[in-house]
Amino acid sequence: MSSKRFAYILVVLTLIALAIAPAVHAQDQVVITWWHINTDATQSAFWQSVADEFMAANPNVKIEITVLENEAFKSRLVTVMQAGDPPDLFQSWGGGVLWEYAKAGLVKNIAADLEGEWRDSFSAKAALELYGRNGEYYGVPWTWGAVGMFYNKALFAKAGIEKTPETWTEFLDVVKKLKAAGITPIALGERDKWPGHFWWVYLAIRLGGEEAFLAAYNRTGSFEAEPFVKAGEYLKELIDLEPFIEGFLGLGYGDQAAAMGDSRAAMELMGQWAPSVQASSSQSGGLGENLGWFPFPAVEGGAGNPNDVLGGGDGFAVGAKAEPEAVKFLRYITSVDVQRRAAAIWVLPTVAGAEDAVKDPILQTIIKARNEAPYFQLYYDQFLPPAVGQVVNDSVEKLFAGVATPAEVAAEIEAAAQRELGQ
Amino acid sequence: MSSVRFRVLPRAALSFAEHSLRRTTEKWLTIALLTLPGMIIFLMFLLIPIFQSSYYSLFKWNGFGPPTDFRGLSNYIDLFKDSVFIRSILNSLILMSSSLLLQLPLALGLALLVGRGRLFGRQLFRAILFIPYIFSEVITALIWLYVLHPNMGLMNRVFEAIIPNFKYIAWLADRNIALYAIFLVLTWKYFGFYMILYMAGLQSIPKELEEAGRIDGCNEFQVLRFVTIPLLGRTIRLTIFLSVLGSFQQFVVVWILTQGGPVNATSTIATYLYKYGIQRFALGYGSAVAVVLFCITLFFSLGYQRIVMYQDYVLRD
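Residue numbers (the working numbering), protein chains in the order written: chain G, 171 to 593; chain Z, 270 to 586.
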């Protein structure tokens, strides 16, 4: 055998050995695949450091992180779910979508691990419930907020408004006063559709409460029931006052946040992330001290409790094939220590011991509203099958554009619910 | 002599026939081998998905697990009963006909201006007019999102400066205007491309023919009408073909500018497909939309190539 050929074979054999080596080595090692959507540099760096800490404490564990942008995450997740191969830990908003995965056996029941101390540590109880059903749990939330009304204190003062409105009638008065003072009352970017659907859903919560929604969801009731039609009628009262920024049907959420941040509108109905988006998409860099928050007004005679809250947040779900170490790591993510540090960056902690790490008074109010809500309504487009959620968004947009009546909107949503949830 | 030829000929003929047979098989084998990778990719990423879509379109299917809920043609029936889908087809037709009636003549006019002649600085104009086509569709749409902004947009500011008491128009928020605003953006983006095609076509027209026309007493318009444009026919037929297909498949610009809104006023077949098929997890229904879009473009392509562009291929050969 020529030495050249021998050397060649030797190189090939070495390469094969090198390729096999990590695989052999990995057998006594546990690999956790983790998909999250926090693409922001500080946030993803934070998750990396949390994973590093856990790996340092557990040398047999290797955590492989995949960071995906929100939309890319959704489409990639659908693909791996179809293949029946979910990641061990992945972003989940809880509710109906997660329950669909549970029905298909794609997520792991962690109820036994959760029982006791871990479970008791959560202050966002209602949020935790959205990650399970019928005594089973498939994940936990690590940040959770609420949708409420952000308002510009300076503009309110300019219009002579001394008190934030508590009822829908008072709210409409505030809108009229602002208009009379030449101020655009409400920022809205309806091209994206979801910012507008908050209004309709909140009115439905105030009018029908938990009972009406769950009845419609469980198909003992209907989305054509009185509270849902009335929600449209109340909303139409507001729309008829023309309170929104110019051209709102063609503007997106970014424009909405910019209008708020630059004081071109006095209010917006939005989730806990609003202040940071206002700051990043406006020239002023945010309203700072001038920004205030109040809960969505109560509706006189409505069946819902005025403290009920609409909102959502982020959690991690556990994939069906996850090893016990993945659950252990999830527990570490929601430990008080990690949650406190996360709170300093962007998170509204879901465990009681970490809440005081949030310094911003508005965010503190939101945490309080979230914890004390008798009924927590998860965003429709997370709770309901995607098809119904999209129809809610699309039909409510018609109400804003003035091309459908409240009854037609309710009928359209009911038709979609019948198609997707059954008669 | 003849016997000699007789003795030699069969052998030579035989070997020649054998040889040529081997050559043809070799030739075909080579062709097959060389096109194999391309054929495999074509098969995997084009033909198979098309058949899969047609298959999925017969089911109610949310994309999880294999499709099992067979519904026959009900997706297609629902599709043609949906007023939004009909609207989407109409919108695609409006975009198509406006492209043919406005965008292409504009491109042709500009090509005649800057493609030749003695216009001062025409090379600079040529470059400037072509720039929009170089931008990606996403960039184009994002730029125009600012230009068409209802309060701060350049468009409103310009009109305000020209027209006294001009009231700001919400270009993308008005259901009667939004589609035309999108057409404006598409025109801005694509006329440069057609202009370049026309310029190339113009260059291949021999100057002598036009000069002959002039000598025979044609004025400039008549030269254009009876010599230049007829000779440009092949390019014009090609641009019509590209323009029609492009209008039917338009997605990116529409999606970024309006997402098909407000209330479906600018929905095209492609945005309808994305919204109803992908966003609502109704992959069976979405597949039905895709099949319809595929059939429209396929039949147009085949028909147009057969009837209109056929002459171009024959002339070529």
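Even for Gly, the Cβ is constructed at its ideal location relative to N, Cα and C.
Query                                                                                                          : Result
Boundaries (first-last residue) of the beta strand (DSSP E) holding G/L569                                     : Counting along the chain, G/L569 falls outside any beta strand (DSSP E), though it belongs to the alpha helix (DSSP H) covering 556–571.
As assigned by DSSP and simplified to three states, the class of Z/A539                                        : helix
Contact with chain Z by G/D564, beta-carbon distance below 9 Å                                                 : yes
G/I583 classed as buried or exposed, judged by whether at least 16 other C-beta atoms fall within 10 angstroms : buried
Closer than 7 Å at the beta carbon, the chain Z residues around G/R361                                         : T527, Q528, G530
Where G/Q453 sits in the DSSP three-state scheme                                                               : coil
G/W463 in three-state terms, based on DSSP                                                                     : strand
Span of the beta strand (DSSP E), counted from its first residue to its last, around Z/H418                    : Looking at the DSSP string, Z/H418 is not in any beta strand (DSSP E), and its letter there is neither H nor E.
Nearest candidate by alpha-carbon position, reference G/A496, set G/R540, G/A221, G/F216                       : G/A221
Under the three-state DSSP convention, the category G/Y423 falls into                                          : helix
Where G/I356 falls: helix, strand or coil (DSSP)                                                               : strand
Residues within the stretch 236–269 of chain G neighbouring chain Z, beta-carbon criterion of under 7 Å        : V248, M251, Q252
Chain G within 9 Å of Z/I408, Cβ atoms only                                                                    : no
Identity of the residues DSSP links to Z/Y325 by a beta bridge                                                 : For Z/Y325, which the question treats as bridged, DSSP gives no partner whatsoever.
Sub-9 Å separation of G/T535 and G/G483 beta-carbons                                                           : no
Helix, strand or coil at G/V250 according to DSSP, with G and I counted as helix                               : helix
Span separating the alpha-carbon of G/G458 from that of Z/G515                                                 : 48 Å
Spatially closest choice to Z/K329 from Z/V383, Z/V407, Z/N344, by CA coordinates                              : Z/N344
Chain G contact for Z/D443 (CB, 9 Å cutoff)                                                                    : yes
Inter-residue spacing [alpha-carbon to alpha-carbon] between Z/G390 and Z/L398                                 : 12 Å
Coil, strand or helix - Z/Q528 by DSSP                                                                         : coil
Start-to-end residues for the beta strand (DSSP E) that takes in G/M319                                        : 318–322
Interface flag, Z/N331 vs chain B, CB-CB below 9 Å                                                             : Judged by its chain identifiers, the structure shown contains no chain B, and its protein chains are G and Z.
Chain Z residues whose Cβ lies nearer than 8 Å to that of G/A571                                               : R444, P531, V532
Own chain residues within Cβ distance below 7 Å of Z/A376, not counting five before or after                   : F460, Y463, M464, Y467
DSSP-derived helix/strand/coil call for G/E525                                                                 : helix
Residue range of the unbroken alpha helix (DSSP H) whose run includes G/A507                                   : It is worth fixing the name first, because residue 507 of chain G is Asp in this sequence and not Ala. Looking at the DSSP string, the run of the alpha helix (DSSP H) that includes G/D507 is 506–513.
Residue closest to G/Q261, alpha-carbon to alpha-carbon, out of G/A429, G/Y423, G/N208                         : G/N208
Contact under 9 Å by Cβ, G/R511 with G/D283                                                                    : no
G/P365 - containing alpha helix (DSSP H), residue span                                                         : 364–388
For Z/G470, the nearest candidate out of Z/L348, Z/L381, Z/S367 (CA to CA)                                     : Z/L381
Residue closest to G/L406, alpha-carbon to alpha-carbon, out of G/F570, G/A385, G/G472, G/L419                 : Note on identity: in this sequence residue 406 of chain G is Lys, with Leu being the wrong assignment. Cα-wise, what sits closest to G/K406 is G/F570.
Three-way DSSP call (helix, strand, coil) for Z/K544 in this model                                             : helix
G/Y549, buried or exposed, once every other Cβ within 10 Å from all chains shown has been counted against 16   : buried
Neighbour flag for G/E597 against chain Z, beta carbons, 9 Å                                                   : In the structure as shown, chain G starts at 171 and stops at 593, and residue 597 of chain G therefore has no counterpart that could be examined.
Sub-9 Å separation of G/V479 and G/A316 beta-carbons                                                           : yes
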